[in-house]
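Residue numbers for the sequence shown follow the working numbering, so the first one is 1388 and each next one is one higher.
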Amino acid sequence: LERVLDQTLSVISLDVGNVRLFDRSGNILLGAYRGYRDPENMHRHHVRVHGSGSEVGVLIPQVLASKKSLVVEDVPASEGLRTLKREEVQSAIIVPISTPEEGLGVIEVGSRAPRKFQPDEVRLLEAIGNQMGIAVQRAWLFEESQRNLKQIQALHDIETAITSTLDLPTVLNALLEKIDVSLPYPAATIRLFNRQNGLLEPIACRNLDEEEWKTEKWKGGHGLANVVFETKVPMIVSDCQTDARVRDLEFYRKHRLRSYLGVPLMAKGEVFGVLSFYTKEKHEFTKEEIEFLSALAGEAAIAIENARLFHEARSRSHKLQVLSHVTGLMTSSLDYRAVIDAIEKALVALLQVDLVRVWVVDKGDEELILATSQGQEDLEATAYTQIARGKGVIGAIWETREPVFIRDLREEPRWLNRRFLERTGHRSFASLPLIVGEQVVGVVSLFSREIRTFTAEERELMRLFADQAVIAVRNSQLYEETERRRREAEELARVAQSLTESLDVTAVGERIVTGVLGLFGVKASMLRLLQADGSLSTLASSGEGFSISSGGDVLPGGTGLVSVAVAEGKPIWSADVLNEPGIRLTDQMRDYQLRSGNRSMIAVPLRAHEKIVGSLGLSDQTGRIYSDSEVAVLQTFANQAALALENARLYEETRTRETQLQETNRMLSVLHSVAAAASQSLDLDRVLQAAIEKIIDIFRFDATGIYIYDEQTNELLLRASLASDRERFTQPRSFARGQGIVGKVVESGKPSIFEDIETDPLYQQLSRTKSAKQLGHRFFTVFPVKGKLKNVGALTCMGGAPRKLDSNEIQLLEAVADQIAVAIENSQLYGEMVKLAADLSRSNKVKDEFLSVMSHELRTPLNVVMGYTGMIKDRMLGEINPEQEKALEKVISRARDQLTMISSILQATQLEAEGVKVESQEFSLGDFLGDLRSSYEGSFGKELTLIWDYPSDLPVIKTDSEKLKHILQNLINNAIKFTPQGHVAVSVTCLNGAVKGENGKQLTEEVKFKVADTGIGIAEEHLRIVFERFRQVDSSETRAYGGVGIGLYIVKRFTELLGGKVEVESELGKGSTFTVTIPCESYQSVVGQQGLMTQGRELIA
């Protein structure tokens, strides 16, 4: 192209030119450029000649479509030719490169000087274009023939690769590998139809993320493959990223997949899969490509179908071999569990299910018991291990004696255990009865997580297994029963003999749990002893994967199967204790049973001399059932074990008591000495000195000291000390709280013990002075001296040699520290009591003087003022005008308020001094309320309604009426004061009914008084302080309402004196409700009140 362009420009004397060839899609294929001043302009030529947009030129498509040259003598004035304009071309000519059938490209040349093109020049350029068209067409034909040869060779290679083996995975991988090498498609996939679940499943892929491609959302096949499968014809998608039939657009974008071609895989006229091809650039699949890929799919289909047929034949052969093996095992072995295990494993392998369960009918012919499970199972999701006859799907199989096959359990209404399906994900189900003669002895059930339809062949295989298995199971059960009884008798005698060979309780316990494993053939055993609080402590355990911690060291009463056996005094067993609703298990128990699968449990009480002393528990594989004879043998063994344990316990108890007695005498001696010193003297220094002397005498420490905390200086001061060598064992005089080992112990309340300070890194970290190490000390310990509310000091002990304190010594030192704390606090309390007595004496004197002043100096003058003011108002001292009368009324009102306030203060003072007594008397509650109501008949000086709401037949009650009246008056007065307008409601209710007693009396538990207003209300944060003395919500000097904040305090104290309670509910701006509830005796209702108000009567001011 470049040579043709050079010669053309030279012959016609032109400055700029290019030659471009386009493919059949209109995209530029090749190009040559000459004479361009700006190299970027060579890349700015249009790269496409079809379609629309900025990439498509204006004149080039016209030239190609018409196959005629275009002469442009004035380029700057013409439409298009933008690149030539940038090169300052003035005149140009565009000639097509074409054949009679199609346009293949253009020759575009131009001059930077204006010129007219001669006809000969145009004809020369057209001749060049025609010759180039013929040459290009020949080249393309050659390339196409080469491509066809490559496709034929690729088809041959693929056919050879996929027909060289009958292994299906190998066929699929070889097919995709040859496609990847031989064909120009960057990605390919294969999907095959699964006849069992009816889904088009992803099987193999090339150059894609196989794990992502095979995820759950792709299992059913995406929209494109399903269309190919259903229509049985190839399908083309030019742009997968815009086609609505594509489900997972993100997958296509992630892998940059654009175009798609799917062809069906067919055998004998039936589609059994889809072979798909993808490109990463937009690609138009030609008819030839489709035909070639369809032929490839046909060859692949034959190879895949042959491999599938071979696989099915081999699978059938394998099934027959497994069936023969299992049948032989079932007829040659009498091991019950080996037979059951072989049946389950064979069914899992042959039918490719996820779970097989075998249920057996219990000896009472009442329930199906889960015997064993094989396969993938969430043990915690197993909710049922016992099924009643006729209950659910499995119970119905027992009753109807007919097999059941369910394609999807989630759509089966008879399946009751929905939680099992949710946790395990099982979908398909098959189950058959195990029948001997006319009797159903069990049921075998199969579960699959895939939705599938069990074929006739699979059903027949299951039935064959069921018929053969039931005979072997019955023979195994009979043989196992006989062998177990023989072993039980021999082992029981042997173990019983071994239990008498030792008097060590632990050794006897170990022999019990070890012997019982062989005796009953269980997986694990545990022995627990009954404690005084009803708990069971573990003595010994044995078994696979079992330890004392598996069941917990101490089992609280009422927990586990063993607790039930102890409480009821009889053996208790369960085939699956996890699903026993009445059994409470610890987390450790549940964890062990889930982890081990030993969920069948039996527990028997240990009884010695008619007294239960503990329990023996056995664990075995889920579903094990214990016969009556086994239970009886285990109880006999447990009784013998209990006697052996009791004998060992009595022996050890005697020895332990001797040791404890000696240690107790030693501890009591120390404690008695310290306690005696503390009780005989309030001289703290004397008591402390006696204590450390006794400590050194008993423990043989080289030095001991006692520090006491001084709150004023925030220091620990050395108050007493004693050392065998004072120069060597000098102790610091003080420590700041929290500093050094002593300060940290007092602050934390935890002792610090350094057995050898030279090797203990913690000592170097905590010690402030390091003096102990410098003086050659080796042992050092500090115990906090703990008071009732705080740590009051520290006890320090030192030694010149390393030492380890045993638990009894630590306990004794802690007890001594506690006695020292008592002595310190007693001393401190004595000093505080002396000071407090003097303070109380002064306070009582001040209080008495205050009460005297209040009674005489305040109330007496106030009464005189009120008396004379009343005389003037009543005109006893002369006439007065209305304004003077009104003013006098205000004076009397304010004086009365002041007198009430003083009285309230006196009452509060008496309450604090506990000088108020309750004086109960019988009175009519109706009359009481009538009198109270009458005292409020009058004007309140504002738009306020007072509502009284109580029944007319209130009883006679017994309580302190004066205090009750004071309570209600304070509440009503407060409500009136804090309600500018609206209403105040007073209601009374007798609670809890009445019960007739002697002499016609009735006893009512409580009377409730409620005062509700629509006033200003109380903010929520202030509700907690309204009952405090001298507290008001608004305590500022500019507050709108008067008072000293004592009324509600008296209400609360009087209510408590009467044995009741007061409650408040309020919302700011909406009002408050105070409720007083008082217990009292009540009698027959008094109906002597004529004209008592009915509910809802109002007094309106």
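For every residue, glycine included, the Cβ atom is placed at its ideal position computed from N, Cα and C.
Does the distance from the CB of residue i to the CB of residue j come in under 8 Å?
i, j, result
"Arg1499", "Val1482", "no"
"Leu1906", "Ser2002", "no"
"Val1743", "Leu1833", "yes"
"Arg1473", "Asn1428", "yes"
"Glu1495", "Gly1404", "yes"
"Gly2186", "Phe2088", "yes"
"Ile1858", "Asp1795", "no"
"Thr1336", "Leu1559", "The displayed coordinates of the chain run from 1388 to 2488. Any statement about residue 1336 would go beyond what the structure contains."
"Asp2007", "Val1909", "yes"
"Val2203", "Ala2078", "yes"
"Gln1773", "Glu1754", "yes"
"Glu2309", "Lys2345", "yes"
"Ile1999", "Pro1958", "no"
"Ile2465", "Gly2446", "yes"
"Ile1727", "Ala1682", "no"
What do you get for residue i, buried or exposed, if any count of 16 or more other CB atoms within 10 angstroms of its CB means buried?
i, result
"Gln2206", "buried"
"Gly1921", "exposed"
"Glu1356", "Examination of residue 1356 is not possible in this model, given that the chain is present from 1388 through 2488 alone."
"Arg2440", "buried"
"Pro1992", "buried"
"Ile2487", "At Ile2487 the pLDDT is 31, less than 50, meaning the model places this residue with poor confidence; the figure from the coordinates comes in the next sentence. That one is exposed."
"Ala1736", "exposed"
"Gly2313", "buried"
"Glu2454", "exposed"
Can you name, in chain order, every residue of its own chain whose Cβ lies under 6 Å from the Cβ of residue i, other than the five neighbours on each side?
i, result
"Met1653", "Ala1688"
"Phe2167", "Phe2141, Ile2144, Ala2159 and Met2185"
"Ala1700", "none"
In the structure shown, what three-state DSSP assignment does residue i receive?
i, result
"Gly1607", "Caution is warranted here: a pLDDT of 46 is assigned to Gly1607, below 50, making its placement in the model unreliable, and the coordinate value is therefore given only provisionally. Gly1607: coil per DSSP, three-state reduction."
"Tyr1639", "helix"
"Thr2346", "strand"
"Thr2168", "strand"
"Glu1495", "strand"
"Asp1920", "coil"
"Leu2109", "strand"
"Ala2381", "Residue placement at Ala2381 cannot be trusted, given a pLDDT of 46 that sits under 50; the coordinates are not used to answer."
"Met1976", "helix"
"Asn1405", "strand"
"Thr1925", "strand"
"Thr1842", "coil"
"Ile1515", "helix"
"Leu2264", "coil"
"Gly1945", "coil"
Between which two residues does the beta strand (DSSP E) carrying residue i extend?
i, result
"Trp2335", "Leu2331 to Asp2336"
"Met1988", "Ser1987 to Ala1995"
"Glu2454", "Lys2448 to Glu2454"
"Met1622", "Met1622 to Val1624"
Got a sec? Which residues, its chain only, sit under 7 Å from residue i by beta carbon, not counting five neighbours each side?
i, result
"Arg2036", "Val1892"
"Ala1612", "Arg1578, Leu1587, Gly1649, Val1661 and Ser1663"
"Arg1861", "Val1823 and Val1828"
"Glu2306", "Asp2347"
"Arg1814", "Asp1795, Leu1796, Arg1797, Ser1835, Arg1836, Glu1837 and Ile1838"
"Leu1948", "Ile1959, Ser1961, Val1964, Ile1970, Met1988, Ala1990 and Gly2004"
In the DSSP assignment, find the unbroken alpha helix (DSSP H) run with residue i in it and report its ends.
i, result
"Val2133", "Gly2127 to Ser2135"
"Gln1826", "First-last for Gln1826: Gln1826 to Ser1835, but that is the beta strand (DSSP E), not the alpha helix (DSSP H)."
"Leu2378", "Here Leu2378 belongs to no alpha helix (DSSP H); instead the beta strand (DSSP E) covers Gly2369 to Leu2378."
"Gly1660", "Taken as a continuous stretch (DSSP letters only), Gly1660 belongs to no alpha helix (DSSP H), being part of the beta strand (DSSP E) at Glu1657 to Thr1666."
"Arg1898", "Val1892 to Phe1907"
"Val1356", "With the chain covering 1388 to 2488 only, the question about residue 1356 has no answer from this structure."
Might you give, ordered along the chain, the residues of its own chain that have their beta carbon closer than 8 Å to the beta carbon of residue i, omitting 5 neighbours on each side?
i, result
"Ser1889", "Val1895, Arg1898 and Ala2035"
"Met2253", "Ile2279, Ala2282, Arg2283 and Leu2286"
Measuring only between beta-carbons, confirm whether residue i sits less than 8 Å from chain C.
i, result
"Ser2339", "Among the chains of the structure shown, chain C does not appear; only one protein chain is present."
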